Every structure is written in C-alpha cells, then in structure tokens.
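Structure, as structure tokens:
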Amino acid sequence: MHTALLLDMAADSAPDRLALGTLSDGLTFAETRRRARRGAAWLAERGGDTVAFLGLNSPALPLAVFASGLLGKPFAPLNYRLPDADLRKLVARTAPSVAIVDDDMLSRVGECPGVTAVTRSAFEAACAETEGDDPDLPHVEPDIGVLLFTSGTTGEPKAAILRHSNLAAYVISTVEFLASEEDEAALVSVPPYHIAGVSAVLTGVYAGRRIVHLETYSPEAWVETAATERITHAMVVPTMLGQILDVLDRRGTALPHLKALSYGGGRMPQPVIERAMRLLPQVDFVNAYGLTETSSSVAVLGPEDHRAAMSSLDEAVRRRLGSVGRPLPSVELEIRGPDGEVLPAGQSGEIYVRGEQVSGEYTHKKAIQDDGWFATNDGGWLDEDGYLFVEGRLDDVIVRGGENISPGEIEDVLREHPGVADVAVLGVPDDHWGERVAAAVVRRADAPSAEELAAWVKARLRSTRTPEVWAFRDALPYNDTGKLLRRQLRAEMAAV
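The structure is reproduced here in structure tokens:
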C-alpha cells in the first residue's frame, strides 16, 4: 500500500475537516491533498531520485512527505543540528536528489554535485498555486518510502530504509481509520528526522486528527501551544516530560483539553511518570517502544496498564510502570540468548522482533534475517504476563571481570534516591577488571555524597554493581530526541 493513499482516504471521507496547522488558518484534508499534488508536480520538474528535507517543523513537512510519496521517491529528512561538514556529507549521500531547505539554512548546504537545493518558501508557494488544472502525476509502484539517518551518536550515521509497505502496515495495524473526533489535534514537537516525526504525520492523517507542528521545542512553547491550540494528543521524550511538568507546576495549569500523551525514545524515570499521572489525572498515558528500523512502536504500555500499575499493591504489577508494555498484536517478539536460543520469562537477552512493519534494512546492508526476524541490539526481558522490560543497548553493557552488568538496573536504583535528579551509569576502562562501573549524577538540592549513594546501591544490589567512579554534573548530555550521549559521556568519565 502506498502511504499517499492514507491522505487520499482521509480527503475523500472528510474533505472539510482541518488536517494541518492552527485553528485559525489550518488546511483541510482536501486542501492538503491538493497542495501535496501541486508540490509533487513541482518537485518532479526538478529531477532527482530522492526528496531530501532540511528544516524545522512546519506544515511543509507533511506536504513534502506526501509529495515525495506521490512521485515514488524516497523522503529523506536530515538532521539540521549536525555541524556543517557532517550535514553536507549527509546531503551528498542523498544524490541525485532535490533538497527542500529552510530559507535560512540554504547556505549550509553549499554546492553539492547531484543535489538541487530549493527553498522551503519556494516549495510552499508551488504547493499553494491555484491556477491550472490538477496535475497529472505518473503512476508509481510503491517501494522505498523514507530514508532515515540514524543519530550517529556512536559512529557514522546509517541510512535506514522504510518501505511504503512497512509504514502502511504500522499505521493500519495501530490506528483506526478516521477514529478521531473533529476537535482533536496532535502536537508534534519531535524533529522531522526522527521516526516519531514521520509516523506522527501518517497516523494523524489516517486517524483524521489535525496536526500542529511546534517549530522548535521549549517547554514553555510546548505548554503555550498545547493550551492555545486545544491539543488533545501529543508525544514527548522522557527529558521533555519532566520539563513540561515543571512549567505546568509554575503556572498552576493542567491543560484541560489534553486527552492522551505518549512517550518513548529513552528510559522514563518512574518518579517522573508517577508525577505526570498525579498532575494530569485526566490524561491517558502510553509508553511506546520501537526503533527506526521497525517503522515506530512494536510494544506499548497502555493507559489501563499505567493506572493498574500506579494503584496496585502487588510489586510485580507496580513494577510494570517501568516496562514498555506488551508487543503489538501485529508483531512477534522474542528474547534470545547469545546462541540465538529463545529465553523463558524472567531471563535477560537480546530483543528480536518480526512483523510486516519491520524493515531491518539499510542502504549498505540488509540486517533482517531470511525468516523475517530482526535483532534490535537492545537488551531486555519479559515477565510472566508478557510485559517487556528494556534494559538498554547491548553495546552499553558493562563487562567487569567477565560479568555482564546492565547500566539500567543500577540507574533505576539510583533514581529511587530522593537526592538524585538524573543519572547515567556506564563502564570505563580498568587494567585489572576490564571495566569499572562509573556513575554520572545530577543531584537535587540536598546533594548526597558519593559515599551515601554507593551505600544506597550496595544495600540493594550486589557489590560488583556498586559504582566505583562518581562524577557530579549540572546536566547530562542528551541529543534533541532524548537519547543519552553515552559515547561522549564515557569519554569524559574515562578521563576522570
């Protein structure tokens, strides 16, 4: 199925419903389709095999997504936060292409062979053109829908391939067509080059929900936009949620229109989600776990799971608030050991997934197995009822004297200390043990000492899991999609 058909279905069934933008000047579904088709015809005249996108969030993003789909050309959103030299390398990798670039970023692209750079304002003007007949677009067979470059926090970015079939399978299996009420609106604040930014466009259109893009995120702007635009649905990363709660606390507001808030992209500290549920009791919270290579979520902890865990006196049930829920019905998920054997409940191993939405494919290689299983490189385990607990990237496992130690286990214990605001645990080189356990801690006002925190961990875990190296910081390094920059932090900690 072609992703542009999602827009066709919505435009045919609810042409006058608002689809994009603000309450005051938003575009209807019919107008969105018309503009996407105009944009596709304009892009076709400029050649190229790929449509690259370099810019902030705006209504131009979904228009470009659907315009490229109509042409059968991969859509490749680029990370504008990269240094210019790295950014130009990514631009060059999209050639031959036409690149839609925010006007004030055009100089950053420079002259790149095989790449035709056009300004976002020129693209938007072409989309808004009203003269002439509806363009006659070529019929194309759906193939590659999106190329997403990984963050590159641990090396050169890889280009993940998501085909139209992968994206459509995810949308259709997780969203009911036109199920949204006419007054519903989704606030998209994750950047365009994140899988959540792309999937928000597709799922929002298929559900018939108005999409509001926040150009650049700040907690104040998020809260202000959510209030003025009567936002009902939103997705945030864990670092964002804590900041948003702080703003709501200061303002004494509770966003009465907000119905549902999903989160993902990193570990959610349990105190933060508990605080959110207390402050926003009317909101349905959803924890979604997925990867770029899986077209978005493969496991979900739903609203009823959140409420059951929050209110339960059963420790096993309450612990599920730290899980990512159960696999989607359309996805198979297994935990496997080092030899590929499937592990029983309670045992940690590597998370494997299989399903139509799973791509597991890159421009330079195919990582998915012949039988459809994809190794995520994430460690985790399932409880007896099938709830998935993600322990983090396998690359982050600390190997101390031949023992594998999960940083997430130690981080969870440290976050329970009332004096810890944020923490990251990682391994640093050690001549005797191979690696030592190190912890970087952001403390609250009462500022616990290293000795106090070490005793806290030792009383709850084995002594081998007690950090030996401590560093206290004002903040931890995260990228703008909420991922901890462990490689950077490990280098800094190794020098301590």
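According to the numbering used here, the sequence shown holds residues 672 to 1167 in order.
Even for Gly, the Cβ is constructed at its ideal location relative to N, Cα and C.
None of these values were measured; they are calculated from a predicted model.
_Other residues of its chain near ARG764: CB distance less than 6 angstroms, five sequence neighbours each side excluded_ = Residue numbering aside, residue 764 sits at position 93 when the sequence shown is read from its first letter. Nothing meets the Cβ criterion.
*Where GLY1090 and GLY913 are concerned, what is the direct C-alpha to C-alpha distance, given to the nearest angstrom?*
Position 419 of the sequence shown, counting from 1, holds the residue named residue 1090. Position 242 of the sequence shown, counting from 1, holds the residue named residue 913. Their backbone Cα atoms lie some 16 angstroms apart in a straight line.
*asked:* Just verifying my parser: in three-state terms, what is the DSSP assignment at TRP1141?
replied: Start at 1 with the first residue of the sequence shown, and residue 1141 comes out as number 470. Residue state, collapsed to three classes: strand.
_Counting C-beta neighbours from all protein chains within 10 Å, is the total for LEU984 16 or more, i.e. buried, or is it exposed?_
Along the sequence shown, one-based indexing puts residue 984 at 313. By the neighbour-count rule (16 or more Cβ atoms within 10 Å), LEU984 is not buried but exposed.
*In three-state terms, what does DSSP make of ILE843?*
Taking the sequence shown and counting its residues from 1, one reaches residue 843 at position 172. Here ILE843 sits in helix by DSSP.
*asked:* Taking the alpha-carbon of PRO813 as reference, which of LEU676, ALA685 and GLY1017 has the nearest alpha-carbon?
replied: Reading the sequence shown from its first residue, position 142 is the one you call residue 813. That would be LEU676, whose Cα lies nearest to the Cα of PRO813.
*The beta strand (DSSP E) with PRO1100 in it runs from where to where?*
Locating residue 1100 in the sequence shown gives position 429, where the first residue counts as 1. Taken as a continuous stretch (DSSP letters only), the beta strand (DSSP E) holding PRO1100 covers 1091-1101.
*Consult DSSP for VAL1013 and reduce its assignment to one of helix, strand or coil.*
Against the sequence shown, residue 1013 aligns to sequence position 342. Here VAL1013 sits in strand by DSSP.
*Are the region 788-798 and the region 741-754 touching by the rule of at least three beta carbon pairs closer than 8 angstroms?*
Result no; under three Cβ-Cβ pairs closer than 8 angstroms.
*Which whole-angstrom value is the C-beta distance of ASP745 and LEU818, which I expect to be below 8 angstroms?*
As a position in the sequence shown, residue 745 is number 74, starting the count at 1. As a position in the sequence shown, residue 818 is number 147, starting the count at 1. Residue 745 is actually Pro in this sequence, not Asp. So it is a contact: roughly 5 angstroms between Cβ atoms.
*Of all the options ALA1118, LEU734 and ALA1111, which has the alpha carbon lying nearest to the alpha carbon of PRO1078?*
Mapped onto the sequence shown, residue 1078 falls at position 407. Nearest option by C-alpha distance: ALA1111.
_According to DSSP, residues forming a beta bridge with THR924_ = Translated into the one-based positions of the sequence shown, residue 924 becomes position 253. DSSP output for THR924 lists no bridge partner at all.
*In angstroms, rounded to a whole number, what distance separates the CA positions of THR825 and LEU951?*
The count along the sequence shown starts at 1 and reaches residue 825 at position 154. The count along the sequence shown starts at 1 and reaches residue 951 at position 280. Because THR825 sits at a pLDDT of 46, beneath the cut-off of 50, its placement in the model cannot be relied upon, and the following sentence gives the value as read from the coordinates. Spanning the two alpha carbons is a distance of roughly 36 angstroms.
_Whether ARG981 touches GLU945 by CB criterion (8 angstroms)_ = Within the sequence shown, residue 981 is the residue found at index 310, counting from 1. Within the sequence shown, residue 945 is the residue found at index 274, counting from 1. Residue 981 is actually Met in this sequence, not Arg. It is a contact, given that the beta carbons lie within the stated cut-off.
_Quick check on THR825: does DSSP put it in helix, strand or coil?_
Translated into the one-based positions of the sequence shown, residue 825 becomes position 154. Bear in mind that a pLDDT of 46 at THR825, under 50, signals an unreliable position, so the number given afterwards is only what the model happens to contain. When DSSP states are grouped into helix, strand and coil, THR825 belongs to the coil group.
_If you measure between the beta carbons of GLU1082 and ARG1107, is that distance less than 8 angstroms?_
By one-based count along the sequence shown, residue 1082 stands at place 411. By one-based count along the sequence shown, residue 1107 stands at place 436. Not closer than 8 angstroms, so no.
*Which of the three DSSP states, helix, strand or coil, is assigned to ASP1056?*
Indexing the sequence shown from 1 puts residue 1056 at position 385. Shown here, ASP1056 sits in coil according to DSSP, grouped into three states, outside any helix or strand.
*Whose C-alpha, out of LEU873, ASP1066, VAL1128 and ALA959, is nearest the C-alpha of VAL1094?*
Reading the sequence shown from its first residue, position 423 is the one you call residue 1094. Measuring from the Cα of VAL1094, the nearest candidate turns out to be VAL1128.
*On a CA-only basis, which of PRO1119, GLY1073 and GLY1031 is nearest HIS1103? Give me that one, please.*
Stepping through the sequence shown from its first residue, residue 1103 is reached at position 432. Comparing Cα-Cα distances from HIS1103 to each of PRO1119, GLY1073 and GLY1031, the minimum goes to GLY1073.
*Could you check what DSSP says for PRO784 in three-state terms: helix, strand or coil?*
Along the sequence shown, one-based indexing puts residue 784 at 113. In this structure, PRO784 counts as coil in the three-state DSSP scheme.
*asked:* Rounding to the nearest angstrom, what Cα-Cα distance links GLY823 and VAL769 in this structure?
replied: Start at 1 with the first residue of the sequence shown, and residue 823 comes out as number 152. Start at 1 with the first residue of the sequence shown, and residue 769 comes out as number 98. The predicted model places GLY823 with a pLDDT of 49, which falls under 50 and marks its position as unreliable; any figure quoted below should be read in that light. Rounded to the nearest angstrom, the two C-alpha atoms are 23 angstroms apart.
*asked:* Bridge partners for PRO998 per DSSP, in chain order?
replied: On the sequence shown, residue 998 is found 327 positions in, with the first residue counted as 1. Bridge partners of PRO998: ALA970.
*Report, in whole angstroms, the separation of the C-beta atoms of ARG997 and LEU1059, which I expect to be a contact under 8 angstroms.*
Taking the sequence shown and counting its residues from 1, one reaches residue 997 at position 326. Taking the sequence shown and counting its residues from 1, one reaches residue 1059 at position 388. Yes, they are in contact, since the Cβ atoms of ARG997 and LEU1059 sit about 7 angstroms apart, within 8 angstroms.
*Taking only runs that begin and end inside the region 701-773, name each unbroken alpha helix (DSSP H) of 4 or more residues, in chain order.*
DSSP runs (the alpha helix (DSSP H)) wholly in the region 701-773: 731-742 and 755-764.
*asked:* Alpha carbons only, please: which of GLY816, ALA1121 and ASP757 is nearest the one belonging to HIS1088?
replied: Walking along the sequence shown from the start, residue 1088 turns up at place 417. If we check each option's Cα against that of HIS1088, ALA1121 comes out closest.
_Nearest residue (CA-CA) to ASN1075, options LEU1097, ARG1086, GLU1055 and ASP1054_ = Working through the sequence shown from its first residue, we reach residue 1075 at position 404. Nearest option by C-alpha distance: LEU1097.
*Does the pairing of the region 770-787 with the region 847-867 give three or more beta-carbon distances under 8 angstroms?*
no
_Check this for me: beta carbons of ARG1071 and THR1135, under 8 angstroms apart or not?_
Within the sequence shown, residue 1071 is the residue found at index 400, counting from 1. Within the sequence shown, residue 1135 is the residue found at index 464, counting from 1. For ARG1071 and THR1135, yes; Cβs fall inside 8 angstroms.
*Determine the contact status of SER1019 and TRP1052, defining contact as a CB-CB distance below 8 angstroms.*
Residue numbering aside, residue 1019 sits at position 348 when the sequence shown is read from its first letter. Residue numbering aside, residue 1052 sits at position 381 when the sequence shown is read from its first letter. Yes, these two residues count as a Cβ contact at 8 angstroms.
*Quick one: grab the DSSP three-state call for HIS1088.*
Indexing the sequence shown from 1 puts residue 1088 at position 417. Here DSSP, grouped into helix, strand and coil, assigns HIS1088 to coil.
*For the alpha helix (DSSP H) holding MET948, just list the boundary residues, first then last.*
On the sequence shown, residue 948 is found 277 positions in, with the first residue counted as 1. Run containing MET948: 941-950, per the alpha helix (DSSP H) assignment.
*Does DSSP put ALA1146 in a helix, a strand or coil?*
For the purposes of this step, residue 1146 is identified with residue 475 of the sequence shown, where counting begins at 1. Coil at ALA1146, not helix or strand.
_Check for me: the beta strand (DSSP E) holding GLU1021 runs from which residue to which?_
Residue 1021 sits at position 350 when you count from the first residue of the sequence shown. Segment 1020-1025, the beta strand (DSSP E) holding GLU1021.
*Buried or exposed (CB count within 10 angstroms, at least 16 for buried), HIS865*: Looking up residue 865 in the sequence shown gives position 194. Answer is buried; the Cβ neighbour count reaches 16.
*Which class does MET672 belong to by DSSP, given the choice of helix, strand or coil?*
For the purposes of this step, residue 672 is identified with residue 1 of the sequence shown, where counting begins at 1. Coil, per DSSP.
_Given SER695 as reference, the closest of ALA947, ARG901 and LEU873 once Cα atoms are compared_ = Against the sequence shown, residue 695 aligns to sequence position 24. Comparing Cα positions, the closest option is ARG901.
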